[in-house]
Each structure stands twice: as C-alpha cells, then as structure tokens.
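Student: Here it is, the structure, as structure tokens.
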DNA sequence: ATAGGGTTAG
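In full-length UniProt numbering, the protein residues as written are 1 to 664.
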C-alpha cells in the first residue's frame, strides 16, 4: 500500500465501506412467562365469541352486555390514544379482555408502533392475558421487522401444544419466507411436523410462496405438492396461483399449462392472476403464438386484460423479438392509461438494447422523456447499461452524472450501473464518490459491485486495493470469479506480493470445487519466486497430477536448496508418488544439505534406504561425498546401504529402460 | 377469530 495514489484512495474510501450495515439489535428481552398465563386455547377463544355480541340477529342484546361492550370499546380506544398507554392499561386492566388486548396489539402493528407492540405483548405475558391469536399476530408484526425477535417469541412459548398450533406455526413460517429464509423455514417446518403439527392448506401455501423467487424453487415446490395427499389437503385456487407463479418464474410453461388444466378439471376457473402467470411463463422463450392464443381464450371467457396482463404480454413480444408489435402494444398501453410510469418503456428499451438496437432504444428513451413519463431513474439506469454495452462510455458517464443530480434515491442496481459506467470511463473521482454514496445510503455492495470494483482496480494497477476488495468480497460470502482471480494472482505475482497471491488462490480454491489447472501451476511459480516453499509444497501435494514436469522439477530443486530440511524427504516422496522422476541434482543437493547438518543424519539414512526401492541410486560424486563423511553415520552402515544402491542399479536398467534417462 | 397467494422493469 505504498504508492501515493493508494494512500489517497484509502483516505477517500472509508475503511468501513464494505462493512455489513447491521441494524442495531433490539435490546428488549422477553421476560420469563408467568405460570398462570396460558388459559387453554379453546376456552379463551370460545368465551370471546360468546361474550362479544357479534351475532346481532340471534338475540336482542341485553343492556348489561351492551354496557360492557361499550365499556370495552371505549377502553380499547383510550389505550390506543393514550400517550402513556401502559398506565391506561393498568387502570383498565379489569375491563379489557384478552381479545380486546389483541385488538390493540394488532392496531399497534398496523400503525407501526413497534415498541408499544412489544411492551404490550410483554404486559400481556406478565398478566397472563395471552391467547393463540396474541402469538400469531405478534409474530406476524414483529417478524415483518425483526425475524430473530419473532423466532425468540415463538421459541419462548412454554406450552408444547401451543407451539404446534397451526395459526402460530403458519405465522412464524410466513415470517421466515418473507425474509427470504426458505431453508430455515423448511427446517423449522420439519421440526414442527415431528412435534405434531398438522399442516393445512395455508401452511403449504406459505411454504410454496417461498419457492417463487429462489433457485431450485421448482423442485422444492414439487416436493411440497407431493406431500399434500399424505396430509389430506386439496389444492385450492390460491395454491394454484402460487404454483403457477413458481412455474412462471422458472420458465416452466408446459408445467404451468398442466396445472391450469388440472385446476379446471377440479372445478376451479382460472382468474386473471392465473392467466398472468401462465402468460409470464411464455415470456421466457418469447412464445408470442401461445401468448396470443391465451389472450384470445381469456377474453372469450369474459376476463378483461388489465395493466399487468398487457405489460406481461409486452414482455413476451419483446423477448420474442417482435419489436414492431411491441411498439404498437406500448401505444395501446399508453391510450389505456397503463403507461403512466416508466416500466413498459424500460422493458422495451432494454430488449432493444440487448438485441443490439441501441439507436431504437435511445429513441424510446427520448420519446418517454418527451412525454414527461414519471421516472424513478430506472430508465436512465437501463440507458446507461445500454451505452456501456455499446462501449459508449463517455455518454454513459454523462448520463450517470445527470442521474446523480436528478434522482435523490438510487438502489443497488442503479448504483452498480453508474459505478460500472464510471469505471469503464476511468473516472476515479466519480468511482470513489459512488462508493461513498453507497456507504452513506447504507446500501450493501453485492457480487456485482465487488466484481466491477476489482476489475477496475486491476485495470488501474491498484493491485493491493484489488486484493483487499477481494478479501472483502470473500468474507461477505460472495463466490469469487475464477477469471478475475486468476488475473489478480498474476498481477500480485508480478509486484512480488506472493503471499497475497496465494491468499487469493486459496479463497478461490475453497469456494469452488474445481479450478482451472493452469492456476495451480501459476501460483506455484509465484510461490517459488517468493521462496514460500512450504506453501508451494501444499500446492504440489494437493495437485501434483495437474502440474507439468518442468514445474515440478523447478519446485523440487528450489525446495532442496532452501525448503525446510525436515520436509525434504516428504517432498521427494510426494514428487515421486505423483509420477515425477526426481533428477540426480535434487538428490545431490538434498544429500549435501544433510551432510552439512549432521543432526539430520537420520533423515539422510532414511533417504538413502528409500531410494533403491524406487529405482534411484546416488551418482558417483554424491557417493564420494557420503563416503568422505561416513564417519558421522557409521562406516559399516553406510557401506551396507550404498551397496544396495550399486546392486539395485543393474536390474533396474534392464526392467525399466527409462532409468538411463533418469540418471542423466 | 388468529395464519397463506398469484402478474410487470434494470
């Protein structure tokens, strides 16, 4: 990190830039539940139904009921309005029933009074005024903001049968799904089943919803659907909606067609959502023929295409490369009032640009700007990408500048797009500004951000900064890209940052099952150059079969000369074991090192004893050297060992012709 | 008396 530019960069680039922006965790803890809390579910809920005059038609309300009802009503709103609701709560504790407190709890949840909600929940726990609904609502609202807190609440439920109540289970499972934690959701679900949960149609639908936008969601969904008969559950219209969305987001149009067929057979008529998903499944391949047929069928049963349906159709046409029809459809959307925001324009611009029609994309863009269509900056972002794709970096950079001043808010994708434009245009100052912006807006960099930056830093010869960024990328759990790492390793080697190069190699190795075999060779040269022979030995040991003979020879000699003497025999065995023919020079160096270090004489004896069995013998000069020093080892022993070298060499020549080659 | 879903943009 010595170059002035790097120092400058570091000053401008805050060290915490890539720190995860963790939210401060709530310091609230759940007090231990008092023993008298959980009145049996049935009693709580049924008494609520009886006492509330919900069914007006059944009997004329008595005055007493009415009064108590009114008193509770006013108590509820008093607590809701109170600036110090806990003290109102204390005062009205005798009037308010569990279900009233649940009403207040949900009200807090809806109006976003999170602290109050948690305080109320704790109060209810402490006063034993708690029911199944309390848990399910509380978990739902708390989970929307803080999953781990919701899990904590779920785990704190003392009663085993309450823990497997289907409403509560559905609530917590939904929290996990909504927070993108499908894996832990499925794990918890399996545990719940083992504990006795009887999942229902809502449970399965909740889990299925989690499969929509994850990879491998489709097979997971099929697995879940397979469990339905075992639990006596019939798919309903909602579930078909979810399943169709899964098919659509995985490009499974045939499967989507089958599900539509199946639901019709079971007597459900598809609605606009079901058709939308089916239509969306056609967008993958741009199957506009099927899409047109679908539109016809849908209209024939009296469903009117809405904005989403028409926008999805536009997507199909664009994917299918029907740009003239796409433009026509966009006009239809405009006249229907469905193009009041930038989205359909964005889709068309993007499709045109990806089809190499930058000028046509540009004209849609200008057209849209001319019409004063509402934009949040997506259109600019797409245009910037389009310009970069056509290598028009100057324009891309100018439009990025323009976007920065026009749009206050930008999301990660927009930031990445602008960052990329600045990097490609070589605008260092702007790159740093974007990084600062990300940090200030607490937007965590993603895989693309890291990739763009590392590539840029390498281009600008800021190799150590590229290295730091790679470390950061790896520690954030992003998969490293081999080509980029390989380039970085090469450059780090060139600037003699061998240890850093090795660290990149290791990160790549441990995040990927197989890496290109040239990379082992490349890192080996770098490590040898840096005299990091122990590391080089590890590389050889693990990958000897993928390394060329000349490189193994280079390593062997380097190790014999200055590697750790205690590992010399191990290295020779590994080299030989990989099929490498150890040359005489390596033995010579190893043996002279041993002789100069008499305390290693055991190692020398081991080596000399090992050699003949593998078809190696010492050459005459080495032999003389050993004999000259044989007093250190015991003359007789040496003589005996060396005699084997002599004897063994003859049959070896006969049986293994390559011996000639070896002793050269 | 609480829990679930589905369509569109970079």
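Heads up, the beta-carbon is just placed ideally off N, CA and C, and yes, glycines get one too.
For residue 207 and residue 191, I'd like the C-alpha separation in whole angstroms.
Tutor: Taking the straight line from one Cα to the other gives about 14 Å.
Student: Can you look up residue 57 in the DSSP assignment and give me helix, strand or coil?
Tutor: Confidence in residue 57 is poor, its pLDDT being 38 and thus under 50, which makes the residue's placement too unreliable to answer from.
Student: Alpha carbon to alpha carbon, how far is residue 491 from residue 528? Give it in angstroms, no decimals.
Tutor: In a straight line, the C-alpha of residue 528 is about 16 Å away from that of residue 491.
Student: In angstroms, rounded to a whole number, what distance separates the CA positions of residue 265 and residue 244?
Tutor: Rounded to whole angstroms, residue 265 to residue 244 spans 16 Å at the Cα level.
Student: Using only alpha-carbon positions, find the residue among 291, 488, 300 that is nearest to residue 311.
Tutor: Residue 311 has its Cα closest to that of 291, out of 291, 488, 300.
Student: Thinking just about the alpha-carbon of each residue, which of 240, 552, 515, 349 is nearest to the one in residue 382?
Tutor: Looking at the Cα atoms, 349 is the closest of the given residues.
Student: Who are the Cβ neighbours of residue 541 in its own chain at under 6 Å, not counting the five residues just before and after it?
Tutor: Counting only Cβ-Cβ distances below 6 Å, and skipping sequence neighbours, we find 574.
Student: On a CA-only basis, which of 71, 279, 386 is nearest residue 363? Give me that one, please.
Tutor: For the residues 71, 279, 386, the minimum Cα distance to residue 363 belongs to 386.
Student: By the three-class DSSP mapping on this structure, what secondary structure does residue 624 have?
Tutor: Three-state DSSP puts residue 624 in a helix.
Student: Within its chain, find whatever has a CB closer than 7 Å to the CB of residue 555; leave out the 5 residues flanking it on each side and keep chain order.
Tutor: Only 524, 528, 536, 540 meet the Cβ criterion.
Student: Going by C-alpha to C-alpha distance, which of 286, 267, 296, 285 sits closest to residue 275?
Tutor: Closest by alpha carbon: 296.
Student: Quick one: using the 10 Å Cβ neighbour count with 16 as the cut-off for buried, is residue 255 buried or exposed?
Tutor: The residue in question, residue 255, is buried, as its Cβ has 16 or more Cβ neighbours within 10 Å.
Student: Just the Cα atoms here: how many angstroms apart are residue 531 and residue 475?
Tutor: When rounded, the distance between both Cα atoms is 27 Å.
Student: May I ask you to report which of helix, strand or coil DSSP gives residue 374?
Tutor: Correct three-state label for residue 374: strand.
Student: Taking C-alpha atoms, which residue in 578, 184, 566 lies nearest to residue 590?
Tutor: With distances taken between Cα atoms, residue 590 lies closest to 566.
Student: For residue 197, I'd like the list of residues in its chain whose CB is within less than 6 Å of its CB, leaving aside the five on either flank, ordered along the chain.
Tutor: Hits under 6 Å: 164, 169.
Student: At the level of alpha carbons, what is the spacing between residue 184 and residue 293?
Tutor: Their backbone Cα atoms lie some 41 Å apart in a straight line.
Student: Once the 5 residues before and after residue 104 are set aside, which same chain residues still bring their CB inside 7 Å of it?
Tutor: Once the five neighbours on either side are set aside, the close Cβ partners of residue 104 are 76, 79, 80, 120.
Student: Between the Cα of residue 690 and those of 605, 617, 615, spot the shortest distance and give me the residue it belongs to.
Tutor: For the chain, the structure presents residues 1 to 664; residue 690 sits outside this window and is missing.
Student: Report the partner residues of residue 341 according to the DSSP bridge assignment.
Tutor: Answer by DSSP bridge pairing, in chain order: 374.
Student: Measure the alpha-carbon distance for residue 390 versus residue 425 and round it to whole angstroms.
Tutor: So the alpha carbons of these two residues sit roughly 13 Å apart.
Student: Sort 200, 375, 558, 521 by Cα distance to residue 546 and report the nearest one.
Tutor: Answer by Cα proximity: 521.
Student: DSSP on residue 479, reduced to helix/strand/coil?
Tutor: If DSSP states are grouped into helix, strand and coil, residue 479 belongs with coil.
Student: What separation, rounded to the nearest whole angstrom, lies between the Cα atoms of residue 82 and residue 145?
Tutor: So the alpha carbons of these two residues sit roughly 24 Å apart.
Student: Cβ atoms of residue 200 and residue 157: under 8 Å apart, would you say?
Tutor: The answer is no: Cβ separation not under 8 Å.
Student: Is it buried or exposed, residue 456, if we count other Cβ atoms within 10 angstroms and call 16 or more buried?
Tutor: Counting Cβ neighbours within 10 Å, residue 456 comes out buried, since at least 16 surround it.
Student: Looking at the unbroken alpha helix (DSSP H) that takes in residue 223, where does it start and where does it end?
Tutor: Run containing residue 223: 217 to 227, per the alpha helix (DSSP H) assignment.
Student: Contact check, residue 419 vs residue 454 under 8 Å by CB: the rounded distance?
Tutor: That belief does not hold up - the Cβ atoms of residue 419 and residue 454 are roughly 12 Å apart, past 8 Å.
Student: Going by Cα to Cα distance, which pick from 594, 600, 559, 593 is closest to residue 582?
Tutor: For the residues 594, 600, 559, 593, the minimum Cα distance to residue 582 belongs to 559.
Student: Considering only their Cβ atoms, is the gap separating residue 352 from residue 698 smaller than 8 Å?
Tutor: Summary: the structure shown does not reach residue 698, with the chain confined to residues 1 through 664, and so no result is reported for it.
Student: Roughly how far, in whole angstroms, is the beta-carbon of residue 488 from the beta-carbon of residue 458, given that I think they are within contact range, below 8 Å?
Tutor: Contact holds; Cβ gap of about 6 Å.
Student: Which same chain residues, not among the five before or five after residue 134, have their C-beta less than 8 Å away from its C-beta?
Tutor: For residue 134, where only same-chain residues beyond five positions count, the Cβ hits under 8 Å are 98, 101, 102, 105, 121, 124.
Student: What's the gap between the Cα of residue 562 and the Cα of residue 644?
Tutor: Taking the straight line joining both Cα atoms gives about 29 Å.
Student: Let me know the secondary structure DSSP gives residue 147 once reduced to three states.
Tutor: If DSSP states are grouped into helix, strand and coil, residue 147 belongs with the helices.
Student: Please classify residue 627: is it buried, with 16 or more other beta-carbons within 10 angstroms of its beta-carbon, or exposed?
Tutor: So residue 627 ends up on the exposed side.
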